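One structure below.
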Amino acid sequence: MTYSDSTRCVHSGLPAPQIGAPVAPGPVLASAYHLDPEGYVTGRDGYGRPDNPTRRILESAIGELEGGDCLVYASGQAAITALLLTTLHPGDTVVLPSDGYYQVRVFAAATLADLGIDVIEAPTAGPYPSFEGVRLVLLESPANPGLDVADIRAISAVAHEAGALVAVDNTTATPLHQRPLELGADLVVASGTKALSGHSDLLLGYVATRDKSLLEGMQRWRNLTGGIPAAFDCWLARRSLSTLALRLRQQAANGAAVVATLRKHPAVSAVRWAEIAPGIVSFELDSAAAAAAFLGASKLVAAATSFGGVHSSADRRHQWEDNVPSGFVRLSCGIEDTSDLVADIETALDASMG
Ligand SMILES: *Cc1c(COP(=O)(O)O)cnc(C)c1O
Numbered sequence: 110m111t112y113s114d115s116t117r118c119v120h121s122g123l124p125a126p127q128i129g130a131p132v133a134p135g136p137v138l139a140s141a142y143h144l145d146p147e148g149y150v151t152g153r154d155g156y157g158r159p160d161n162p163t164r165r166i167l168e169s170a171i172g173e174l175e176g177g178d179c180l181v182y183a184s185g186q187a188a189i190t191a192l193l194l195t196t197l198h199p200g201d202t203v204v205l206p207s208d209g210y211y212q213v214r215v216f217a218a219a220t221l222a223d224l225g226i227d228v229i230e231a232p233t234a235g236p237y238p239s240f241e242g243v244r245l246v247l248l249e250s251p252a253n254p255g256l257d258v259a260d261i262r263a264i265s266a267v268a269h270e271a272g273a274l275v276a277v278d279n280t281t282a283t284p285l286h287q288r289p290l291e292l293g294a295d296l297v298v299a300s301g302t303k304a305l306s307g308h309s310d311l312l313l314g315y316v317a318t319r320d321k322s323l324l325e326g327m328q329r330w331r332n333l334t335g336g337i338p339a340a341f342d343c344w345l346a347r348r349s350l351s352t353l354a355l356r357l358r359q360q361a362a363n364g365a366a367v368v369a370t371l372r373k374h375p376a377v378s379a380v381r382w383a384e385i386a387p388g389i390v391s392f393e394l395d396s397a398a399a400a401a402a403f404l405g406a407s408k409l410v411a412a413a414t415s416f417g418g419v420h421s422s423a424d425r426r427h428q429w430e431d432n433v434p435s436g437f438v439r440l441s442c443g444i445e446d447t448s449d450l451v452a453d454i455e456t457a458l459d460a461s462m463g
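For any residue, its number in our numbering is found by taking its place in the sequence shown, counting from 1, and adding 109.
Spelled out as structure tokens, the structure:
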């Protein structure tokens, strides 16, 4: 029996029913576990950094949704840097998105270059360079914040032909809208801080893969560098996952209505929206001052970075990265009622025109 999205979100990862046990187990907060006095027994929980049952529940839930084995990390950035540092070695070449999450490029310039790793940047929508001699191609689709989309299936086929690994940052789409492992990618990496957990109250990252040796390498790396998420945050994330499909549905409805409003408003240009990340809309206002006026006038849209939460929010991306125009806004639709959100955004857009 294959279940649909909301059913999978509710049930994934939960332990088999046991009479007297909780339907939804609470967080196991533990750094130390009782050991067998005779010595450590493999496969039993021994110490909190490698072992935590609440974390394993979250990992099997996300793994089920992505269609692979999952490891969670303290943040998306912890997961991405773990992926880069375990798969790349001095002399290797990596292809990174030129329009993806900017801190990955900052990390590449600061750390990968020092390690003797060559970094090539390519725009998500292409054109891509030859993958001959490339060890890893990292895609981000839809890319944050421009929302361009990559053809994961086609790019994976070409990269594999050249002997390169393919990893996809699936943060904006979530595994309900896109499953990169099914499209041929070797690894998925993502920030669970955004829509996956969706309540703006925790940081989380994950990788998922069907390749046991990549998984083992990443698990070893996580244990030795220590970038694990706290058990309580894992519990919150698993709890939030139950409503992922419901939340995305309302965010998509709001996204569609907001896009229609933006497209006909005279203050707005360059509206960007991707079908597989339907709660996120990027657009341009005339200036940084207009973006500030828009955010100041809205009562429902919080000025905040991050996205995918139940509360609508918007970010002036130019304050963090200079490869977008000064009036560029990335708007994340929450789960408010559509008519309330649209009315609020219309009023704020009018105010942005001064
Ligand atoms: C936010 C984000 C990250 C980084 O995740 P954190 O949880 O903030 O460390 C990586 N990739 C994308 C696409 C993101 O939006």
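Heads up, the beta-carbon is just placed ideally off N, CA and C, and yes, glycines get one too.
All values reported here derive from a predicted model rather than from experimental measurement.
Have a look at residue i and residue j and give me their C-alpha separation to the nearest angstrom.
{"i": "A401", "j": "A217", "result": "31 Å"}
{"i": "A271", "j": "R356", "result": "40 Å"}
{"i": "G172", "j": "A294", "result": "15 Å"}
{"i": "P232", "j": "T302", "result": "24 Å"}
{"i": "S300", "j": "K373", "result": "33 Å"}
{"i": "E464", "j": "P284", "result": "Only positions 110 to 463 of the chain appear in this structure, which leaves residue 464 out of reach."}
{"i": "S265", "j": "E325", "result": "22 Å"}
{"i": "G148", "j": "T447", "result": "59 Å"}
{"i": "D310", "j": "C179", "result": "22 Å"}
{"i": "L353", "j": "N363", "result": "15 Å"}
{"i": "G463", "j": "Q328", "result": "53 Å"}
{"i": "P251", "j": "S207", "result": "13 Å"}
{"i": "I261", "j": "L144", "result": "46 Å"}
{"i": "E393", "j": "Q287", "result": "27 Å"}
{"i": "G200", "j": "F403", "result": "47 Å"}
{"i": "A369", "j": "R381", "result": "11 Å"}
{"i": "A423", "j": "Y142", "result": "44 Å"}
{"i": "S349", "j": "Q212", "result": "26 Å"}
{"i": "A133", "j": "I337", "result": "22 Å"}
{"i": "E430", "j": "A282", "result": "22 Å"}
{"i": "G242", "j": "A130", "result": "53 Å"}
{"i": "F108", "j": "H427", "result": "Residue 108 cannot be examined here, being either before or after the span of the chain that is shown, 110 to 463."}
{"i": "A234", "j": "L247", "result": "13 Å"}
{"i": "G155", "j": "N161", "result": "9 Å"}
{"i": "S169", "j": "L371", "result": "39 Å"}
Across which residues does DSSP place residue i in a beta bridge pair?
{"i": "R356", "result": "Looking at the DSSP assignment, R356 forms no beta bridge with any residue, so it has no partner."}
{"i": "T318", "result": "D178, L296"}
{"i": "T202", "result": "D227"}
{"i": "F437", "result": "E393"}
{"i": "Y112", "result": "According to DSSP, which records beta bridges pairwise, Y112 is partnered with nothing at all."}
{"i": "S422", "result": "A411, S441"}
{"i": "E430", "result": "Paired residue(s): none; E430 is not in a bridge."}
{"i": "E249", "result": "D278"}
{"i": "A141", "result": "Y156"}
{"i": "W382", "result": "V390"}
Following a CB-centred definition, is residue i positioned closer than 7 Å to any heavy atom of ligand 3?
{"i": "S300", "result": "Ligands in the displayed structure: ligand 1; ligand 3 is not one of them."}
Going by the CB atoms, is the gap between residue j and residue i shorter than 8 Å?
{"i": "S407", "j": "A457", "result": "yes"}
{"i": "A340", "j": "P146", "result": "no"}
{"i": "L205", "j": "R244", "result": "no"}
{"i": "G176", "j": "D278", "result": "no"}
{"i": "F240", "j": "V267", "result": "yes"}
{"i": "I385", "j": "S441", "result": "no"}
{"i": "A397", "j": "R439", "result": "no"}
{"i": "G255", "j": "S378", "result": "no"}
{"i": "V228", "j": "A222", "result": "yes"}
{"i": "G478", "j": "A139", "result": "Past the boundaries of the shown model lies residue 478; the chain is included only from 110 to 463, so the question cannot be answered."}
{"i": "S461", "j": "A411", "result": "no"}
{"i": "I189", "j": "V203", "result": "no"}
{"i": "C118", "j": "S351", "result": "yes"}
{"i": "L347", "j": "I166", "result": "Note that residue 347 is Arg in the sequence shown, not Leu. Yes, Cβ-Cβ distance for R347 and I166 is below 8 Å."}
{"i": "L313", "j": "D342", "result": "yes"}
{"i": "V451", "j": "A366", "result": "yes"}
{"i": "A263", "j": "V298", "result": "no"}
{"i": "G185", "j": "T280", "result": "yes"}
{"i": "T220", "j": "W344", "result": "no"}
State the CB to CB distance for the pair residue i and residue j, rounded to an integer number of angstroms; the pair is presumed to be in contact (CB under 8 Å).
{"i": "Q360", "j": "I444", "result": "6 Å"}
{"i": "A182", "j": "R331", "result": "One detail in the question is off: residue 182 reads as Tyr in this sequence, not Ala. Sure, about 6 Å apart at Cβ, within 8 Å."}
{"i": "D449", "j": "L409", "result": "7 Å"}
**Prompt:** Counting pairs of Cβ atoms below 8 Å between the region 190-198 and the region 417-425, do you hit three or more?
**Reply:** No contact exists between the region 190-198 and the region 417-425.
**Message:** Pairs of beta-carbons, one from the region 303-320 and one from the region 151-160, closer than 8 Å: are there three or more?
**Reply:** Short answer: they don't touch.
**Request:** Please determine if the region 314-332 and the region 113-131 are in contact, where contact requires at least 3 C-beta pairs separated by less than 8 Å.
**Result:** Contact fails: fewer than three Cβ-Cβ distances are below 8 Å.
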